[in-house]
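Numbering (our numbering), first residue to last: 431 to 749.
In this text, a Cβ means the ideal position worked out from N, Cα and C, and glycines have one as well.
Computed from a predicted model, the values in this text were never measured in an experiment.
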């Protein structure tokens, strides 16, 4: 009996040792699998983070390039592509990986930027690199509503014609016969109130309310040479000479004294001087093309091409 018990005990020990050996092998396999999983998880966190960072950089580069290029569409469309490439490079995109397309009759610019991201830890799983890209489109659109206009108004050019941009003209006239709105009007309007003080401040600082195409504004009759001189000279002294003015339909000629006139568009004007006193105070300058980032409401996609386009644009990202 004793011998039998010893034999049974020996058999049990052998079986127990064999079980331990098998479990150790299983543990090794489990640990190896866990290490692969953890390595893959680390690779995912590290390399996916790199992808996200590169993606953000390309988005920033494409947006900045599109907006910079669109600014050139106003006066120098031939320079739009070069300016877009310059800003893409400044924001981390390699020029050879950037494409620029100007379209829409020189009113839109599209920028695509890409970058190859090399993996680090993911290489052990057989993944070496990937490419990320971004695309942005910016456009210049004629404005429909503006803040900060000055209290002058001029007629639109006749249908099919345009202003002679860069040629010096009269903005506010000293003789009402030169401003064909009607008797007693010299091209001035009342914005947010009437009177000389309000008129002067609107020249100096611009009217802070919103004026849109289709709105009606009141004319400000009288020459008001003093407030005109003071307001314009303030702008000249502060080198703040680029202003936005509303336009009216040139067929309107019968607004006498104080009356309402409908806004038909907007133009940009660079003031060059003011001269005269008494009943002969003239404001001179030239029409220019300009864009107003963050200051205007652009025309909608459904507006007919060229409608209300008199050289004042809003700069927007459309994609």
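- Relative to residue 480, the option among 548, 707, 513, 526 whose CA is nearest is 548.
- Between the alpha carbons of residue 521 and residue 498 lies a distance of about 12 Å.
- Residue burial is scored here from C-beta neighbours: residue 542 has at least 16 other C-beta atoms within 10 angstroms and is therefore classed as buried.
- For the stretch 484 to 547, the continuous beta strand (DSSP E) assignments of 3+ residues that do not extend past its boundaries occur at 528 to 533, in sequence order.
- Shown here, residue 671 sits in coil according to DSSP, grouped into three states, outside any helix or strand.
- In chain order, 540, 565, 566, 567 place their CB closer than 8 Å to the CB of residue 749, counting only its own chain and leaving out the 5 sequence neighbours on each side.
- Straight-line measurement puts the Cα of residue 710 at about 17 Å from the Cα of residue 702.
- The shortest C-alpha to C-alpha distance from residue 483 to any of 646, 652, 523 is the one to 523.
- Residue pairing by DSSP leaves residue 702 without any beta bridge partner.
- For the pair residue 673 and residue 713, the CB atoms are not nearer than the 7 Å cut-off.
- Taking C-beta atoms as the reference points, residue 642 and residue 581 fail to come closer than 7 Å.
- In this structure, 699 is the residue among 699, 743, 491, 706 with its C-alpha nearest to the C-alpha of residue 597.
- For residue 678, the CB contacts under 8 Å within the same chain, skipping 5 residues up- and downstream, are 583, 584, 585, 586, 611, 691, 692, 693, 694 in chain order.
- In the structure shown, the three-state DSSP call for residue 656 is helix.
- Around the Cβ of residue 486, a 10 Å sphere holds fewer than 16 other Cβ atoms; the residue is exposed.
- Put simply, of 624, 627, 478, 493 the residue whose alpha carbon is nearest the alpha carbon of residue 560 is 478.
- Residue nearest to residue 685 within the set 704, 650, 666 is 650 (criterion: CA-CA distance).
- Cβ-Cβ distances below 7 Å link residue 671 to 665, 700, 701 in the same chain, with the five nearest sequence neighbours on each side left out; the list follows chain order.
- Comparing C-alpha distances from residue 741 to each of 638, 655, 593 shows the shortest one belongs to 593.
- By the criterion of a C-beta distance shorter than 6 Å, residue 517 is surrounded in its chain by 494, 495, 498, once the five residues flanking it on both sides are discounted.
- Excluding its 5 nearest sequence neighbours in each direction, residue 639 has C-beta neighbours in its own chain below 6 Å: 622, listed in chain order.
- From the listed residues 615, 657, 570, the smallest Cα separation to residue 626 is found for 657.
- A distance below 6 Å between beta-carbons, with the five flanking residues on each side excluded, links residue 630 to the following residues of its chain, in chain order: 657, 660, 661.
- Between the beta-carbon of residue 532 and that of residue 507 there is about 7 Å, and that keeps the pair under the 8 Å contact cut.
- When only Cα atoms are considered, residue 528 and residue 515 end up about 7 Å apart.
- Between residue 687 and residue 614 a beta carbon distance of about 5 Å is seen, short of the 8 Å cut, so the two are scored as contacting.
- The beta-carbon distance between residue 616 and residue 669, rounded to whole angstroms, is 26 Å. This is too long to meet the 8 Å contact definition.
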